[in-house]
Amino acid sequence: MEFNKLLEENWEWLLAAAAVTFGILVNLIWRRKQRKILKGLQQIIEEEKNITGGDKFKTPRDVEEALKTVFKTRQQEMERMRMMETYRRDYIGNVAHELKTPIFTIQGYLDSAADELEVEKPDMPTIISFLNKAQKNTGRLGQIINDLDTITKYESGFLQLEYEAFDLQELVRDVIESLEIQAAEKQIHIYDHAMDSGYMVWADRFRIRQVLINLGYNSIKYGKPGGYTKIRISRAGNKVIVEVADNGIGIPAEHLNRIFERFYRVEKSRSRASGGSGLGLSICKHIIEAHGETISVLSTEGAGSVFSFGLKAYESDSNG
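Position 25 of the sequence shown, counted from 1, bears residue number 420 in this note's numbering, the numbering being contiguous throughout.
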């Protein structure tokens with residue numbers, strides 16, 4: 396009641412105060428926009444002077460052409476900004492989506508384990524099973540975060556390669572040994588095939604191993620029981636060519652031109668269920684391109700795929 400009475404007695408004053416406040420806000424907003432407009436015009440004038448050499452005797456047509464150039468540059472900058480904003484928005488959305496699945500899954504298993512502990516006679520094997528599944532998804536979450544960190548560094552140019560001379564054939568055999576358990580679980584024969592011996596290359600050994608692991612793992616993951624994954628090495632001029640080939644399910648033709656994009660999956664539900672981050676092939680592309688080379692794929696749906704890339708051969712009489 397007292398508040399209503401106070402409002403009735405002072406409504407004119409309150410209305411006036413609101414109007415003044417609104418006017419001040421509008422004025423501040425306009426002044427801010429005005430400063431931006433004036434600053435933009437000043438930049439255009441300065442750029443026009445730079446373009447015309449500051450010569451006041453230039454013809455109107457010269458000035459018109461100069462201003463067209465300036466405005467075209469501004470439009471290009473605005474377009475780049477729009478593209479960067481779209482990239483940022485899509486990136487954040489994809490990251491949130493990728494992290495959401497393992498986080499919610501972990502939460503679900505932990506809640507189930509906690510509920511089981513509250514019953515009169517908890518079933519310990521069930522609780523252990525829930526905890527093991529939560530731990531597995533924790534590993535997947537860690538993989539996604541590591542992949543995000545890696546690709547962010549590549550895209551921002553902050554990741555430096557550490558070049559060294561090493562035997563690529565030896566590295567391939569090490570990778571095959573690391574993937575043998577996964578291959579055996581899928582009943583896939585994984586092996587290497589070299590046209591010769593002694594394939595020395597000049598590259599970042601750790602990063603090339605990462606590429607081979609990613610390509611080999613994908614080949615096994617989408618392979619057919621009883622199939623194969625083969626890593627071939629050959630020499631072409633001053634390059635050593637690596638091919639990871641299989642007779643798996645292959646990739647539909649309409650997806651081939653997007654297969655190296657971040658978070659892109661041919662079949663989203665199947666790939667996510669198999670534990671991938673959606674970043675493996677994109678990381679491979681960034682690593683190979685950082686070496687000044689390219690990675691490509693040939694694939695036939697239902698028949699298999701071949702991923703290939705080149706590396707600089709190491710010559711003993713040079714330092715790379």
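Here a beta-carbon is modelled for each residue, glycine too, at the ideal position from N, C-alpha and C.
Buried or exposed by the 16-neighbour rule on C-beta atoms within 10 Å, applied to residue i
i: Gly673; result: buried
i: Ala578; result: buried
i: Phe553; result: exposed
i: Gly534; result: exposed
i: Leu512; result: exposed
i: Ala708; result: buried
i: Phe655; result: buried
i: Pro497; result: buried
i: Ile678; result: buried
i: Gly632; result: exposed
i: Ser592; result: exposed
i: Val639; result: buried
i: Asn613; result: buried
i: Ser694; result: buried
Three-state secondary structure (DSSP) of residue i
i: Leu556; result: coil
i: Gly699; result: strand
i: Phe561; result: strand
i: Gly645; result: coil
i: Lys467; result: helix
i: Phe499; result: helix
i: Glu638; result: strand
i: Phe735; result: Here the chain covers residues 396 to 715 and nothing more, so residue 735 does not appear.
i: Ser691; result: strand
i: Ile540; result: helix
i: Glu474; result: helix
i: Ser551; result: helix
i: Arg535; result: helix
i: Leu674; result: coil
i: Arg657; result: coil
i: Asp506; result: helix
i: His650; result: helix
i: His686; result: coil
i: Glu460; result: helix
i: Pro520; result: helix
i: Arg667; result: Because the pLDDT of Arg667 is 49, which lies under 50, any placement of that residue in the model is unreliable, and the question is left without a value.
i: Glu511; result: helix
Rounded straight-line distance, which links the Cα of residue j to that of residue i
i: Asn642; j: Arg657; result: 25 Å
i: Ile644; j: Tyr586; result: 19 Å
i: Val637; j: Phe704; result: 6 Å
i: Leu651; j: Asp510; result: 46 Å
i: Lys516; j: Lys581; result: 38 Å
i: Leu574; j: Arg604; result: 12 Å
i: Leu610; j: Gly503; result: 32 Å
i: Trp597; j: Arg653; result: 29 Å
i: Glu460; j: Leu563; result: 57 Å
i: Ser551; j: Asp542; result: 14 Å
i: Val692; j: Val701; result: 6 Å
i: Thr689; j: Ile540; result: 26 Å
i: Glu686; j: Thr547; result: For clarity, residue 686 is His in the given sequence; the question names Glu instead. If I take the Cα positions, the gap works out to 17 Å.
i: Glu684; j: Val606; result: 12 Å
i: Glu649; j: Arg477; result: 27 Å
i: Pro520; j: Ile576; result: 26 Å
i: Phe499; j: Phe466; result: 49 Å
i: Arg544; j: Glu474; result: The displayed chain sequence assigns Asp, not Arg, to residue 544. Their backbone Cα atoms lie some 27 Å apart in a straight line.
i: Asp518; j: Arg602; result: 45 Å
i: Leu494; j: Gln471; result: 34 Å
i: Ser711; j: Asn527; result: 50 Å
i: Gly675; j: Val514; result: 43 Å
Residues of its chain near residue i, where Cβ-Cβ distance is below 7 Å and the 5 sequence neighbours each way are ignored
i: Ile583; result: Ile615, Gly618, Gly622, Tyr623, Thr624
i: Ile522; result: Ala508, Glu511, Leu512
i: Glu559; result: Arg600
i: Pro647; result: Val661, Glu696
Proximal residues to residue i (C-beta, below 6 Å), its chain only, five neighbours per side dropped
i: His588; result: Lys625, Arg627
i: His681; result: Tyr549
i: Gly699; result: Asp641, Asn642, Gly643, Gly645
i: Tyr659; result: Arg653
i: Val567; result: Asp587, Ile626
i: Phe561; result: Arg600
i: Gly697; result: Gly645
i: Tyr594; result: Leu563, Gln564, Ile628, Val635
i: Leu706; result: Val596, Ala598, Val635
i: Glu557; result: Asp599
Residues near residue i in its chain [Cβ-Cβ closer than 8 Å; skip 5 each side]
i: Ile501; result: Ala529, Asn532, Thr533, Leu536
i: Phe525; result: Tyr504, Leu505, Ser507, Ala508, Glu511
i: Pro620; result: Lys581, Gln582, Ile583
i: Ile608; result: Val570, Ser573, Leu574
i: Gln555; result: none
Any C-beta of chain B under 8 Å from that of residue i
i: Val514; result: Chain labels in this structure do not include chain B; a single protein chain is all it has.
Next item on the list: Counting only runs of 3+ residues fully inside the stretch 565-634, write out the beta strand (DSSP E) ranges in chain order.
Entry: 584-589, 595-598, 623-631
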